[in-house]
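The structure under discussion appears below in the form of structure tokens.
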Amino acid sequence: MMDNRWFCIPRPVRQPKLRLFCFPYAGGSATTYYPWAAMLNSDVELVAIQPPGRSSRLSETAYCDMHPLVDSLVENIVPLLNVPFIFFGHSLGSRVAYELATRLKARQLPTPMQFFASGSRAPHISGEEKQLYNLPDEEFISELQSLNGTPEEVLQNRELMQLFLPLLRADFQIADTYVSDKTVLNCPITILAGTEDVGIKPAHLESWKELTSSAGELHYVPGDHFFIEKNKQLVFQILSEKIESALTKSAAEVLAGSVASLPKLAMNH
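Take the sequence shown: its position 72, counting from 1, is numbered 848 in this note's numbering, and each next residue is one higher.
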């Protein structure tokens, strides 16, 4: 039975032609992606992933290891893979989405038509930056401040930070320690990067292209690591173009399948 706590669907679609699965960054939640739901084609259903430890699942213990997180996710997501779908992940979310896609491939389950890797080094590349998750509280909070992704009013509120620190440390432990095997996906990969995101080297972005047997393309978006929050419109514009292509391709495949299933007419000689 599917555990619905994993999936937030802000605008359910009765018979979607495509699903867009969105994976949050470290410390983030499903709500990052809610504004997109109203802008999507009426045939597309947005499904935002909500891991334990945040928002509606704040009382649950957050995962600090990639593998059990994805073990649970893969067991629950299968009923939603009954229509074509796209994966979009930002930062740590890109790597969670990739690990999930490789698991689906290994189990011969449906895999994404299109993969978006946003604000992240390729998962098979080790990060060269220092590990943050095990720093003392004051140093850890200082590092969060420099990343510019946590509101200042939250960082300055000691009670709130004590509430959120376990989630943040757990997410950063996954981000700091997870390195994937090099499994090649069959779908195109679109890589998004902030023009001012100095924490990710261009070579580490380009390495995503090693993980697809199809096309790989890199787009730079104005902004720092959290360009996805500050430049939502441009990100959505790039995304929507790929969604339209996926819908067109999906419709063509359905039509081809229908034609192929028509009875063959006997030829008179």
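Backbone N, C-alpha and C define an ideal beta-carbon position, used for all residues, glycine too.
query	result
Closest residue to I976 among E993, H1001, S956 (Cα-Cα distance)	H1001
Backbone CA spacing between A1063 and Q921 [nearest angstrom]	Lying before the first or after the last residue shown, residue 1063 is absent from the chain, which here runs from 777 to 1045.
DSSP-derived helix/strand/coil call for A922	Ala is not the amino acid found at residue 922; the sequence shown has Ser there. The answer is helix: DSSP assigns S922 an H, G or I state.
Cβ neighbour criterion (16 or more within 10 Å) applied to Q1013	exposed
Beta-carbon spacing of Q826, S835 below 8 Å	no
Whole-angstrom C-beta distance between L794 and L1023, which should lie under 8 Å	6 Å
I825 (DSSP reduced to helix, strand or coil)	strand
Collapsed DSSP secondary structure at T966 in the structure displayed	strand
Where the beta strand (DSSP E) through H866 begins and ends	861 to 866
Simplified DSSP assignment, three categories, for S805	coil
Residue nearest to P788 in terms of C-alpha spacing, selected from Q1009, C840, Q938, Y810	Y810
Any 3 or more C-beta pairs closer than 8 Å across the stretch 862 to 874 and the stretch 799 to 815	yes
Spatial distance of Q890 from Y909 (CA atoms)	31 Å
First and last residue of the uninterrupted beta strand (DSSP E) at R830	R830 -> no beta strand (DSSP E), and no H or E assigned at all.
Exposure label - S818; buried when at least 16 CB within 10 Å	exposed
One or two residues paired with E993 in a DSSP bridge	T966
Own chain residues within Cβ distance below 7 Å of D947, not counting five before or after	A802, G803, A838, L868
Cβ-Cβ distance between R897 and V846 below 8 Å	no
W812 versus C963 - alpha carbon distance	22 Å
First through last residue of the alpha helix (DSSP H) which encompasses L939	934 to 953
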